[in-house]
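Student: Numbering (the numbering used here), first residue to last: 145 to 506.
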Ligand SMILES: *Cc1c(COP(=O)(O)O)cnc(C)c1O
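Written out as structure tokens, the structure reads:
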């Protein structure tokens, strides 16, 4: 496996090499089954064991309380932008959205189709380069829920605390790009969702963790595939699930459990991001874009003095096998996505490359 390059893509993103090797080894015939996971019935005992173990391992990894359901859905985080309000935005109430970036904006857009919404804490005026403080947040009393984006993949900001919201209002988090990057207190949330392709596995599977009492809100008139309650009642097997994605996601969770669980991966993530930000701060040549207290440990966004120099850096970095460093097209600049599976050595090697680039162009 010497031909793998450093993959800084924001998603789909790098997976642990050991996970890919295991998936490859067992691809043609699962041990004891003699068929590929892609070829067996989702109602078969082998698949029930796979999805059951994935759920049990997720519960163990994140300490998920018994009164939460773990669902494996499809349609990406984007479908959750619709499912959250369709299921939880009950008639006559308002949904509060904390506006911290492009993905929050897309989530709000779908909620507006469903019912009343209220925007709070927007940091749009500074280009979403920071997470709002509690004094900037004004919530609706008795809101249907509060929606937040725990990590803003495009702008490179991340919540390092939870917003203080009114008692009894469920907190909903789009955690697509930082789920299981460190310890999480699930009991603080009503619902957490994440498309798998950033920190959990391949695209095609979306993880949803939902507190059971919220399932009662799903309207009976709601279409089956959009209804959390029906997915929960059927153990995510109402229809054919994304079997291969769930299988690989399970391998990723196993890998996390073998590497010190969430505290273990948090230490590695802090070290990786810490080194990279230290380099970005070192001389003023690089221009990190997120406010210091809001910096993401997953997506490190930065610029250079001119767009020409940025183009040159991305070109030279790509040629040197540092792939995926171009910033999102909406914001430009550079972005190094260094999710759980991104190897620490890749960060060290990138820093050395950046120092060399600065020597030639600084
Ligand atoms: C990538 C991303 C999404 C969109 O995910 P899809 O699975 O492609 O629908 C939504 N929210 C955040 C925070 C993301 O990073």
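In this text, a Cβ means the ideal position worked out from N, Cα and C, and glycines have one as well.
The structure displayed is predicted, hence computed values, not measured ones.
Straight-line CA distance for residue 150 to residue 381?
Tutor: Between residue 150 and residue 381, the C-alpha separation is close to 36 Å.
Student: Tell me whether residue 318 sits in a helix, a strand or coil according to DSSP, three-state version.
Tutor: In this structure, residue 318 counts as strand in the three-state DSSP scheme.
Student: Compute the Euclidean distance between the alpha carbons of residue 161 and residue 357, then round it to the nearest angstrom.
Tutor: Distance between the alpha carbons of residue 161 and residue 357 is about 39 Å.
Student: Could you round the C-beta distance between residue 343 and residue 483 to whole angstroms and report it? I think they count as a contact, below 8 Å.
Tutor: Indeed, because the Cβ distance is near 5 Å, the residues count as touching under 8 Å.
Student: Under 6 Å Cβ to Cβ from residue 233, same chain only, skipping five residues before and after it: list those, please.
Tutor: Taken in chain order, the residues that qualify are 239, 258, 259 and 288.
Student: Identify every residue that forms a DSSP beta bridge with residue 431.
Tutor: DSSP lists 447 as partners of residue 431.
Student: Within 10 angstroms of the Cβ of residue 363, are there 16 or more other Cβ atoms? Answer buried if so, exposed if not.
Tutor: It is exposed - the Cβ of residue 363 has fewer than 16 other Cβ atoms within 10 Å.
Student: At a threshold of 7 Å, does residue 321 count as lining ligand 1 (C-beta to nearest heavy atom)?
Tutor: Indeed, a heavy atom of ligand 1 lies less than 7 Å from the Cβ.
Student: Return helix, strand or coil for residue 281, following the three-state DSSP convention.
Tutor: The answer is coil: DSSP assigns residue 281 none of H, G, I, E or B.
Student: Can you give, in chain order, each stretch of the beta strand (DSSP E) that sits fully within the stretch 249-303 and has at least 3 residues?
Tutor: Fully enclosed beta strand (DSSP E) runs of 3 or longer: 260-264 and 289-293.
Student: Terminal residues of the continuous beta strand (DSSP E) containing residue 227?
Tutor: First-last for residue 227: 220-232, but that is the alpha helix (DSSP H), not the beta strand (DSSP E).
Student: Measuring straight from C-alpha to C-alpha, what distance separates residue 295 and residue 207?
Tutor: Between residue 295 and residue 207, the C-alpha separation is close to 21 Å.
Student: Please check if any C-beta of chain D sits within less than 8 Å of the C-beta of residue 322.
Tutor: The question asks about chain D, but that chain is absent: this structure has only one protein chain.
Student: Taking only the alpha-carbon atoms, compute the straight-line gap between residue 433 and residue 222 and give it to the nearest angstrom.
Tutor: Whole-angstrom Cα-Cα distance: 26 Å.
Student: Taking only three categories from DSSP, how would you classify residue 216?
Tutor: Residue 216 falls in the strand class under three-state DSSP.
Student: State yes or no: is the C-beta of residue 329 nearer than 7 Å to some heavy atom of ligand 1?
Tutor: Flag unset: Cβ of residue 329 not near ligand 1.
Student: Would you identify the three-state DSSP class for residue 466, choosing helix, strand or coil?
Tutor: In the structure shown, residue 466 sits in a strand (DSSP, three-state: E or B).
Student: Please report the straight-line C-alpha distance between residue 406 and residue 323, rounded to a whole angstrom.
Tutor: So the alpha carbons of these two residues sit roughly 10 Å apart.
Student: Please list, in chain order, all residues of the same chain as residue 309 whose beta carbon is under 7 Å from its beta carbon, the five residues on each side excluded.
Tutor: Cβ neighbours of residue 309 beyond the five flanking positions: 283, 290 and 315.
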